[in-house]
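Notes follow once the structure below has been shown.
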Amino acid sequence: MLGLRFSRLVHAAIASGALVLAACPDGGKGDTDTDTATATGTATDGPTTDDPTGPPIDPTPLPPDPTNPLPPPDPPPPADVPPALLGVKLRDPSTLQLSFTEPLAPVDTVNPKRFRLSMAQAYMGNYGGQPSTTLIDLRYYNLEQVCPPDPPAPCYYEPPYNYYYCYYEPFCYYQSTGELVATDVAPLDGDPTSLLISLSAPIQPFLCSTLDAFEDNPNFQMVLHLHYAAGGLSALQDLTGLAVPSLGDAWVKYDGNFYSYQGGAFSTLNPFLPIPCDLFDVPDVPDVPPDIPESDL
Amino acid sequence: MHPALHPGSPPPADDEDVEFLLRAVPELAFFPELADCVGTGGYDGPWPPGREAFAGRDLADLRDRALRGLEALADRAERERSGGLAFIVRTLTYFLVGPAALPAVEHPLLVALLLRGAARTHEGADTALEIARAMDRWG
């Protein structure tokens, strides 16, 4: 755009000193002719950084002694103990990786609808009142940034000369990715104790930044958590047929988007395995409240 | 008239003032000192024309006339003690001639003058507002 291109050139010329804001023929405030007089005598002052006499640091520490015996492997779990979920992590924004205590039976027939994610928010009860936990559907926090490819027609020269009126910067906004559900369950090649869950939409940085919203408030905690409903045919099980137990399965069976219960924080999430949201350089939470419809409150 | 072009206007004090002043070019193109720079035609397409309508033309004569007009405007700025007008004249001159000179179709004042010439065959287009809108769509 003509106006913006010229504006950048002008500001660059001002910054370089080629253009001055006010003509100062008598050497006024803008006169910088004497500036070069100060650029003397500092080039040979020597470095002022680290003390070279400090203790030396060995840049190549010795590797472990290969003659030492390896630590013994973990003993296999007893045959009558069901497999347990050890952890859940984001392998990429669209894939969860679940780790279990032992190898699982083939998961080809496991229905992905047995899994559901929640934004689990706990109140610790320190203000008075009872501790409680609220589960919220991810659609309200998984907001993606949308920047329309064709921003509104710019107006640089057209009055009223208002920068904000003209909208000539690309205009972006946040919108929900919509329902976020598990769409597929698959084994992880080379690791029979793990499996992968595909998601219908990638986890967004906005969601991860929301998790940090209460990090300075000990009265609240918010986590991303996976829920699982066992039972019936085609559930997760180990090689001996023992099933993986449910984990907060009421949320899986519930078709609403908000679910609250009294009691200890995250009490139905046992084991409590928050999913680390560490895929992104998380930006500050934009000042955009989640778009929660009145009918859901 | 754009407030920064009035007699007695102060020079810009910061980037915001500069931005405000740069938007005065369409109105500046209507100052009498630049009347000789407005062509008499050479464009009969739809309004507003884009840069491609003038690409490849020899516009050296327009540049010379604009320079003389800016010199006259510099005299006006001094006479009227208009720091805003002086700055915009100085800036447009800096990018009109010399090592920082821009191609004619990139120089806002030359573009405004070209548009004024083209506007003569379009009723109601030869106004500062319509020239400003056309400059915004110049590309």
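Sequence order for the protein chains is A and Y. The first sequence: position 267 = 267 (full-length UniProt numbering), numbered continuously. The second sequence: position 41 = 41 (full-length UniProt numbering), numbered continuously. Glycine included, C-beta positions come from ideal geometry on N, C-alpha and C.
Length at least 3, wholly inside the region 109–133 of chain Y: the beta strand (DSSP E) runs in chain order: The qualifying runs do not exist here; there are none.
Does Y/A132 get closer than 7 Å to chain A when you measure Cβ to Cβ? The residue you call residue 132 of chain Y lines up with position 132 of the second sequence. Cβ-Cβ to chain A under 7 Å: yes for Y/A132.
Take A/P271 and list the residues in its own chain whose beta-carbon comes closer than 6 Å to its own, dropping the five residues that flank it on each side. To locate residue 271 of chain A, count along the first sequence from 1; it is residue 271. Counting only Cβ-Cβ distances below 6 Å, and skipping sequence neighbours, we find nothing.
Here's a check: name, in chain order, each residue in its chain whose Cβ is nearer than 8 Å to the Cβ of A/P131, leaving out the five neighbours to either side. Along the first sequence, read from residue 1 onward, the residue named residue 131 of chain A stands at position 131. Answer for A/P131: A122, Y123, M124, G125, Q262, G263, G264 and A265, listed in chain order.
In its own chain, which residues sit with a C-beta less than 6 Å from the C-beta of Y/T93, not counting the 5 before and 5 after it? Counting from one through the second sequence, the residue named residue 93 of chain Y turns up at place 93. Closer than 6 Å at Cβ, skipping near neighbours: L70.
Is there contact here, the region 81–96 of chain Y with the region 32–45 of chain Y, by at least three beta-carbon pairs under 8 Å? In this structure the region 81–96 of chain Y does not lie against the region 32–45 of chain Y, because fewer than three pairs of beta carbons, one per stretch, are closer than 8 Å.
If you draw a straight line from the alpha carbon of Y/R81 to that of Y/P99, how long is it in whole angstroms? By 1-based counting over the second sequence, the position of residue 81 of chain Y is 81. By 1-based counting over the second sequence, the position of residue 99 of chain Y is 99. Between the alpha carbons of Y/R81 and Y/P99 lies a gap of roughly 28 Å.
Just by C-beta distance, which residues in the region 5–18 of chain A are closer than 9 Å to chain Y? Of all residues in the region 5–18 of chain A, the ones placed with a Cβ closer than 9 Å to any Cβ belonging to chain Y are R5, F6, S7, L9, V10, H11, A13, I14 and A18, in chain order.
When you compare the CB of Y/L92 with every CB in chain A, is at least one pair closer than 7 Å? By 1-based counting over the second sequence, the position of residue 92 of chain Y is 92. For Y/L92, the answer is no, since every Cβ of chain A falls outside 7 Å of its Cβ.
Limits of the unbroken beta strand (DSSP E) element including A/K253: Within the first sequence, numbered from 1, the residue matching residue 253 of chain A stands at position 253. That residue, A/K253, is in no beta strand (DSSP E); its alpha helix (DSSP H) goes D249 to K253.
Using Cβ-Cβ distances below 9 Å, what residues of the region 94–111 of chain Y are close to chain A? Those residues of the region 94–111 of chain Y placed with their C-beta closer than 9 Å to a C-beta in chain A are Y94, F95, A100, L102, V105, E106, H107, P108 and V111, ordered along the chain.
Please confirm whether Y/P48 has its beta-carbon closer than 7 Å to some beta-carbon of chain A. On the second sequence, position 48 is the one that residue 48 of chain Y refers to. So, not an interface residue.
Endpoints, the beta strand (DSSP E) within which A/T95 is located: In the first sequence, the residue the question calls residue 95 of chain A occupies position 95. T95 to F100 is the span of the beta strand (DSSP E), which, as asked, contains A/T95.
Go through its chain and collect everything with a Cβ distance to Y/E19's Cβ below 8 Å, but skip five positions before and after it. Looking up residue 19 of chain Y in the second sequence gives position 19. Cβ within range, chain order: n/a, list empty.
Assuming Y/V89 is part of the alpha helix (DSSP H), what are its boundary residues? The residue given as residue 89 of chain Y occupies position 89 in the second sequence. Per DSSP, Y/V89 belongs to the alpha helix (DSSP H) from G83 to Y94.
Three-state secondary structure (DSSP) of A/G87: Residue mapping note: residue 87 of chain A aligns to position 87 of the first sequence, counting from 1. If DSSP states are grouped into helix, strand and coil, A/G87 belongs with the strands.
Compute the distance between the beta-carbons of A/T210 and A/Y254, then report whether it is under 7 Å. Looking up residue 210 of chain A in the first sequence gives position 210. Looking up residue 254 of chain A in the first sequence gives position 254. No, the Cβ-Cβ distance between A/T210 and A/Y254 is not below 7 Å.
Leaving out the 5 sequence neighbours to the left and right, which residues in its chain are closer than 8 Å to Y/D126 when beta-carbon positions are compared? Indexing the second sequence from 1 puts residue 126 of chain Y at position 126. Same-chain partners within the cutoff: R116, A119 and R120.
Through-space distance from Y/P108 to Y/P12, alpha-carbon basis: As a position in the second sequence, residue 12 of chain Y is number 12, starting the count at 1. As a position in the second sequence, residue 108 of chain Y is number 108, starting the count at 1. Approximately 19 Å between the Cα atoms of the pair.
So, helix, strand or coil for A/Y123, using DSSP? Start at 1 with the first residue of the first sequence, and residue 123 of chain A comes out as number 123. Here A/Y123 sits in strand by DSSP.
Any Cβ of chain Y within less than 7 Å of the Cβ of A/E215? Position 215 of the first sequence, counted from the start, is the residue given in the question as residue 215 of chain A. False, the Cβ-Cβ gap to chain Y never drops below 7 Å.
Does A/L2 have its Cβ less than 7 Å from a Cβ in chain Y? On the first sequence, position 2 is the one that residue 2 of chain A refers to. It does; some Cβ of chain Y falls within 7 Å.
Quick check for students: name the residue ranges of the alpha helix (DSSP H) that lie wholly in the region 25–76 of chain Y, counting only runs of 4 or more. If we require 4 residues or more, the alpha helix (DSSP H) runs fully inside the region 25–76 of chain Y come out as 25–28.
Mind listing the chain A neighbours of Y/V25? Cutoff is C-beta to C-beta under 7 Å, in chain order. Taking the first residue of the second sequence as 1, we reach residue 25 of chain Y at position 25. Chain order gives the chain A residues near Y/V25 as Y157, where near means a beta carbon separation below 7 Å.
Report the rounded CA-to-CA distance for A/S200 versus A/E144, giving the unit in angstroms. For the purposes of this step, residue 200 of chain A is taken as residue 200 along the first sequence, with counting starting at 1. For the purposes of this step, residue 144 of chain A is taken as residue 144 along the first sequence, with counting starting at 1. Distance between the alpha carbons of A/S200 and A/E144: 14 Å.
Can you say whether A/G248 is buried or exposed, counting buried as having 16 or more other CB atoms within 10 angstroms of its CB? Here the question's residue 248 of chain A lines up with position 248 in the first sequence. Label assigned to A/G248: buried.
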